[in-house]
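Colleague:
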Amino acid sequence: MSCLVVIEADATGISEVSTETITFARSLGTDIDALVVGDVDALLGQLGEYGVKRVFAASGDGFGAYAPGAWAAAAVAAIEASGATTILAGGSPRGNEILAHVAARRDVLMAANAVQVEQQAPVQVARQVFGGSALEVMSLNDSLAVFSVAGHACAPEPAKASTSPTVQALSITPTSSDLAVRVARTEAGAPDESGNLKSAKVVVGAGRGAGSADAFDELEALTDLLGGSLGVSRVVTSLGWRPHHEQVGQTGSRISPDLYIPCGISGAIQHWAGCSSAKTILAINSDPDAPMVTRAHYAVIGDLHEIVPAINEEIRRRTAAAR
Amino acid sequence: MSNILVCIKRVPDTGGEVSLTDDAMNVDDRQLGATVSGHEECAIELAVQQAGETDGDVTVLTLGDEDSIEQLRDAVARGCANAVLVEAVPSAFGPADIAEAIAEVVRAHEAAGTPYDLILLGNDAADTGDFQVGVRLGYALDRPVVTGMSTVELSDGQVVAKGDAPTGGTQVFEVALPAIVTVMEGGVEPRYPSIPGRMKAKRAKIETIEPQVQPAGSARVRLTLPPKPPSQVTILGEGPDAAVAVADLLQELGVLR
Numbered sequence: 003m004s005c006l007v008v009i010e011a012d013a014t015g016i017s018e019v020s021t022e023t024i025t026f027a028r029s030l031g032t033d034i035d036a037l038v039v040g041d042v043d044a045l046l047g048q049l050g051e052y053g054v055k056r057v058f059a060a061s062g063d064g065f066g067a068y069a070p071g072a073w074a075a076a077a078v079a080a081i082e083a084s085g086a087t088t089i090l091a092g093g094s095p096r097g098n099e100i101l102a103h104v105a106a107r108r109d110v111l112m113a114a115n116a117v118q119v120e121q122q123a124p125v126q127v128a129r130q131v132f133g134g135s136a137l138e139v140m141s142l143n144d145s146l147a148v149f150s151v152a153g154h155a156c157a158p159e160p161a162k163a164s165t166s167p168t169v170q171a172l173s174i175t176p177t178s179s180d181l182a183v184r185v186a187r188t189e190a191g192a193p194d195e196s197g198n199l200k201s202a203k204v205v206v207g208a209g210r211g212a213g214s215a216d217a218f219d220e221l222e223a224l225t226d227l228l229g230g231s232l233g234v235s236r237v238v239t240s241l242g243w244r245p246h247h248e249q250v251g252q253t254g255s256r257i258s259p260d261l262y263i264p265c266g267i268s269g270a271i272q273h274w275a276g277c278s279s280a281k282t283i284l285a286i287n288s289d290p291d292a293p294m295v296t297r298a299h300y301a302v303i304g305d306l307h308e309i310v311p312a313i314n315e316e317i318r319r320r321t322a323a324a325r
Numbered sequence: 494m495s496n497i498l499v500c501i502k503r504v505p506d507t508g509g510e511v512s513l514t515d516d517a518m519n520v521d522d523r524q525l526g527a528t529v530s531g532h533e534e535c536a537i538e539l540a541v542q543q544a545g546e547t548d549g550d551v552t553v554l555t556l557g558d559e560d561s562i563e564q565l566r567d568a569v570a571r572g573c574a575n576a577v578l579v580e581a582v583p584s585a586f587g588p589a590d591i592a593e594a595i596a597e598v599v600r601a602h603e604a605a606g607t608p609y610d611l612i613l614l615g616n617d618a619a620d621t622g623d624f625q626v627g628v629r630l631g632y633a634l635d636r637p638v639v640t641g642m643s644t645v646e647l648s649d650g651q652v653v654a655k656g657d658a659p660t661g662g663t664q665v666f667e668v669a670l671p672a673i674v675t676v677m678e679g680g681v682e683p684r685y686p687s688i689p690g691r692m693k694a695k696r697a698k699i700e701t702i703e704p705q706v707q708p709a710g711s712a713r714v715r716l717t718l719p720p721k722p723p724s725q726v727t728i729l730g731e732g733p734d735a736a737v738a739v740a741d742l743l744q745e746l747g748v749l750r
């Protein structure tokens, strides 16, 4: 018995969602297999560090540009070759998409965004529903348990004992129907899009309390002083004050900075879903009972339009004194 | 002329924290309003825009009880021409059941002479967050499906769909019609219903259909609430005088450059 993890990777190696997912998978106590589409050699060292036993590799015609159907065909072939009774992927757009295809092809259930395994045989997982404000315990199929692991459900951690994974090439050629949907091209995004926000070590947040589209100068100054990124709540983008790619929350970016400074954000659960992984939260809010304040580690109570400029001034004073 | 079907779901408007029903099988929505997700609002907007450019019609569909007619009429007020209620208790339907129920309607409408070039859904429902109804619908109807797209454009027998690429930038899909696309919020600004739209919506005929599919259910065992840690907030101060304490904290955290 083994479980199979679908690996996502980029130019720098295995994506964080996938190292989190392998770490999560180890808690199942079974051998871990991995599915890699594309170049496998560059990832073998890292897969070994995370304790993967066997790697099933798909490459060649049809596995160039991303095609969800081709990945699903490879995943189904890997399930058959490995005898896996569980398949996991990161709860990313692609992870959820590939697993949905696998579940539809195998006519089994799928659980998106699991945070915990509640029991094995049959597998039951607890997964995020209602934007993370509730968990659903869901029972999966005996024959094949399909679930994605919610982002930041666990911290990625290499295995105690690393392995030397074996590699088995899958003999699979995607059909024309597998390739009906594939990336035709990728267009460059504006340089300062949400990518920076997701990886920023410091994020300054702004909500309805900012008051208007013209009221962001001091917030941007604080962001610059801390070398961070600006993130906003949904109401700010809905009102057209800031662009959508700055939105943090259930339908925006999920961030995990070392420090998050939400200013004038009450902390609706949808926003919390996107920022709860911040290591330290410093809330600035006029309402001491706002959920964002009660959930924060630190808070300053009052009008952000008075407090933020004062903080900026104090930071400038200290940096000038240090020179 | 392109006909577009857009699928939506009435969900409780859980702005704040939620509580559960006594049997822990659902969120207690008695004190909550109802809405559709931001993804679906954008799907409606994209559908209305694309149909408008090709002189086509948008049909809005939901699976739910009769309360869901409120969300159908709202979609009509925003520009959808037709509305279909697949009348069912939504909690009895899992994502595969919902996909099959939608497929039944598509097959019936197409047999009656209304083919759908494009079917739009939200990327995931705001309540159950299943991330799979669109994909399962693709398999039920044997149509290509693209998920998580911000914009769609119909041209020359295909849909050009664009969305965020995982490593930055925008990924572009060009898919032959008929096709299915699930929409992620952010690519368009949903319009507000117009006054004439609201008037039309009040009078709009709602086609009500009973699903044939025997639902297998969602395999929900129970709901739980995530543990709520007690508040451990340290108040650094009130008003601008707190700036010194904040700067001390920033220094302590090592984020002052």
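Chains as they are written, first to last, in the working numbering: chain V, 3 to 325; chain X, 494 to 750. Glycine included, every Cβ here is placed at the ideal spot set by N, Cα and C.
What residues in its chain sit with their C-beta under 6 Å from that of V:ALA116, if we drop five residues either side in the sequence?
Modeller: Taking the first residue of the first sequence as position 1, residue 116 of chain V is located at position 114. Closer than 6 Å at Cβ, skipping near neighbours: VAL127, ARG129, PHE149, VAL151.
Colleague: Determine the chain V residues that contact X:LEU716 at a beta-carbon separation under 9 Å, and present them in chain order.
Modeller: By 1-based counting over the second sequence, the position of residue 716 of chain X is 223. Ordered by position in chain V, the residues that pass the 9 Å Cβ test against X:LEU716 are VAL131, PHE132, ALA136, LEU137, GLU138, VAL139.
Colleague: Compare the beta carbon distance of V:THR188 and X:ALA619 with 7 Å and say whether it is the shorter of the two.
Modeller: On the first sequence, position 186 is the one that residue 188 of chain V refers to. On the second sequence, position 126 is the one that residue 619 of chain X refers to. In this structure, X:ALA619 does not lie closer than 7 Å to V:THR188 by Cβ.
Colleague: Quick check on DSSP: helix, strand or coil for V:ASP41?
Modeller: Numbered from 1 along the first sequence, position 39 holds the residue referred to as residue 41 of chain V. Three-state result, V:ASP41: coil.
Colleague: Does V:ILE174 come out as helix, strand or coil in the three-state DSSP assignment?
Modeller: The residue labelled residue 174 of chain V in the question sits at position 172 within the first sequence. Coil at V:ILE174, not helix or strand.
Colleague: Hey, quick one: how far does the alpha helix (DSSP H) through V:THR185 stretch, first residue to last?
Modeller: On the first sequence, residue 185 of chain V is found 183 positions in, with the first residue counted as 1. Looking at the sequence itself, residue 185 of chain V is Val, so the reference to Thr does not match. Element bounds for V:VAL185: not the alpha helix (DSSP H) but the beta strand (DSSP E), 185–189.
Colleague: Using beta-carbon positions only, say whether X:VAL511 and V:PHE132 come within less than 7 Å of one another.
Modeller: Taking the first residue of the second sequence as position 1, residue 511 of chain X is located at position 18. Taking the first residue of the first sequence as position 1, residue 132 of chain V is located at position 130. Yes.
Colleague: Just confirm the distance between the C-beta atoms of X:LEU749 and V:ARG320, as a whole number of angstroms; I'd bet it's less than 8 Å.
Modeller: Working through the second sequence from its first residue, we reach residue 749 of chain X at position 256. Working through the first sequence from its first residue, we reach residue 320 of chain V at position 318. Contact flag correct, Cβ pair sits at about 7 Å.
Colleague: Find out if the Cβ-Cβ distance for the pair V:ALA147, V:THR88 is shorter than 7 Å.
Modeller: Locating residue 147 of chain V in the first sequence gives position 145, counting from the first residue. Locating residue 88 of chain V in the first sequence gives position 86, counting from the first residue. The answer is yes: Cβ separation under 7 Å.
Colleague: For the segment 177–186 of chain V against the segment 214–223 of chain V, do three or more pairs of beta-carbon atoms, one drawn from each stretch, fall closer than 8 Å, so that the two count as touching?
Modeller: These segments do not touch.
Colleague: Can you list the residues of chain X that V:SER94 reaches, using a CB-CB cut of under 8 Å?
Modeller: For this step, residue 94 of chain V is matched to residue 92 along the first sequence. Within 8 Å Cβ-Cβ: PRO659.
Colleague: Which residues in chain V have a C-beta closer than 8 Å to the C-beta of X:GLN725? List them in chain order.
Modeller: In the second sequence, the residue the question calls residue 725 of chain X occupies position 232. HIS299, listed in chain order.
Colleague: For X:THR727, which residues in the same chain have their Cβ closer than 6 Å to its Cβ, ignoring the five residues on either side in sequence?
Modeller: As a first step, residue 727 of chain X must be located in the second sequence, where it is residue number 234. Within the same chain, X:THR727 has no close Cβ partners at all.
Colleague: In this structure, what does DSSP give as the bridge partners for V:TYR300?
Modeller: Residue mapping note: residue 300 of chain V aligns to position 298 of the first sequence, counting from 1. Its beta-bridge partners are V:LEU284, X:THR727.
Colleague: Under 8 Å Cβ to Cβ from X:ASP635, same chain only, skipping five residues before and after it: list those, please.
Modeller: To locate residue 635 of chain X, count along the second sequence from 1; it is residue 142. Result list for X:ASP635: empty, nothing under 8 Å.
Colleague: In whole angstroms, what is the alpha-carbon distance linking V:HIS273 and V:GLN249?
Modeller: Taking the first residue of the first sequence as 1, we reach residue 273 of chain V at position 271. Taking the first residue of the first sequence as 1, we reach residue 249 of chain V at position 247. Taking the straight line from one Cα to the other gives about 9 Å.
Colleague: Report the option in X:GLY661, X:SER530, X:ALA536, X:THR507 whose CA atom is closest to the CA atom of X:ARG523.
Modeller: For the purposes of this step, residue 523 of chain X is identified with residue 30 of the second sequence, where counting begins at 1. Out of X:GLY661, X:SER530, X:ALA536, X:THR507, X:THR507 has the C-alpha closest to the C-alpha of X:ARG523.
Colleague: Please name the residue, chosen from X:PRO689, X:GLY679, X:VAL681, X:LEU647, that lies closest to X:ALA669 on a Cα-to-Cα basis.
Modeller: As a position in the second sequence, residue 669 of chain X is number 176, starting the count at 1. Among X:PRO689, X:GLY679, X:VAL681, X:LEU647, the Cα nearest to that of X:ALA669 is on X:LEU647.
Colleague: Residues of chain V with CB under 8 Å from X:GLY531, in chain order?
Modeller: For the purposes of this step, residue 531 of chain X is taken as residue 38 along the second sequence, with counting starting at 1. Simply ARG236, THR253.
Colleague: I need the DSSP call for V:CYS277, collapsed to helix, strand or coil.
Modeller: Numbered from its first residue, the first sequence carries residue 277 of chain V at position 275. Helix.
Colleague: Under DSSP, the alpha helix (DSSP H) around V:SER141 begins and ends at which residues?
Modeller: Here the question's residue 141 of chain V lines up with position 139 in the first sequence. Element bounds for V:SER141: not the alpha helix (DSSP H) but the beta strand (DSSP E), 136–141.
Colleague: Kindly indicate if chain V contains any beta-carbon less than 7 Å away from that of X:VAL748.
Modeller: As a working note, residue 748 of chain X is residue 255 in the second sequence. Yes, X:VAL748 lies at the interface with chain V (some Cβ there is under 7 Å from its Cβ).
Colleague: Examine chain V for any beta-carbon lying closer than 7 Å to the beta-carbon of X:ASP590, and answer yes or no.
Modeller: One-based indexing of the second sequence puts residue 590 of chain X at position 97. Not one chain V Cβ lies under 7 Å of X:ASP590.
Colleague: Classify V:LEU232: buried if its beta carbon has 16 or more other beta carbons within 10 angstroms, exposed otherwise.
Modeller: On the first sequence, residue 232 of chain V is found 230 positions in, with the first residue counted as 1. By the 10 Å Cβ count, V:LEU232 comes out buried.
Colleague: Is the beta carbon of V:GLU51 sitting closer than 7 Å to the one on V:SER164?
Modeller: Looking up residue 51 of chain V in the first sequence gives position 49. Looking up residue 164 of chain V in the first sequence gives position 162. Contact: yes.
Colleague: Does chain X have any CB closer than 7 Å to the CB of V:LEU37?
Modeller: Along the first sequence, read from residue 1 onward, the residue named residue 37 of chain V stands at position 35. By this cut-off, V:LEU37 is not an interface position.
Colleague: Rounded to the nearest angstrom, how far is the Cβ of V:PRO1 from that of X:THR660, given a contact under 8 Å?
Modeller: There is no way to answer for residue 1 of chain V, as the model of chain V reaches only from 3 to 325.
Colleague: I need the boundaries of the alpha helix (DSSP H) containing V:CYS5, first residue and last residue.
Modeller: Against the first sequence, residue 5 of chain V aligns to sequence position 3. Taken as a continuous stretch (DSSP letters only), V:CYS5 belongs to no alpha helix (DSSP H), being part of the beta strand (DSSP E) at 4–8.
Colleague: Quick one: what does DSSP say V:ILE24 is sitting in, helix, strand or coil?
Modeller: Position 22 of the first sequence, counting from 1, holds the residue named residue 24 of chain V. Helix, per DSSP.
Colleague: Starting from V:CYS156, trace the beta strand (DSSP E) in both directions and tell me its first and last residue.
Modeller: By 1-based counting over the first sequence, the position of residue 156 of chain V is 154. That residue, V:CYS156, is in no beta strand (DSSP E); it is neither H nor E in DSSP.
Colleague: Just how far apart, CA to CA, sit X:TYR632 and V:GLY230?
Modeller: The residue labelled residue 632 of chain X in the question sits at position 139 within the second sequence. The residue labelled residue 230 of chain V in the question sits at position 228 within the first sequence. Whole-angstrom Cα-Cα distance: 44 Å.
Colleague: Would you call the segment 679–690 of chain X and the segment 528–546 of chain X in contact, with 3 or more CB pairs under 8 Å?
Modeller: With a cut-off of 8 Å, the segment 528–546 of chain X and the segment 679–690 of chain X count as touching, because enough Cβ pairs lie within range.
Colleague: Given this structure, state the Cα-to-Cα distance separating V:LEU45 from V:VAL38, to the nearest angstrom.
Modeller: Stepping through the first sequence from its first residue, residue 45 of chain V is reached at position 43. Stepping through the first sequence from its first residue, residue 38 of chain V is reached at position 36. Straight-line Cα distance between these residues: approximately 9 Å.
Colleague: Given V:LYS55, which residues of its chain have a CB within under 7 Å of its CB, disregarding the five upstream and five downstream residues?
Modeller: The sequence position of residue 55 of chain V within the first sequence is 53, counting from 1. Excluding sequence neighbours, V:LYS55 sits near ASP33, ILE34, ASP35, THR165, PRO167.
Colleague: I'd like the list of long-range same chain contacts for V:SER20, defined as Cβ closer than 6 Å, with 5 residues on each side in sequence excluded.
Modeller: Looking up residue 20 of chain V in the first sequence gives position 18. Around V:SER20: ILE9, GLU10, GLY92.
Colleague: How would you call V:ALA292, buried or exposed, if buried means at least 16 neighbouring beta carbons within 10 angstroms?
Modeller: Residue mapping note: residue 292 of chain V aligns to position 290 of the first sequence, counting from 1. Classification of V:ALA292: buried, given that the 10 Å Cβ count is 16 or more.
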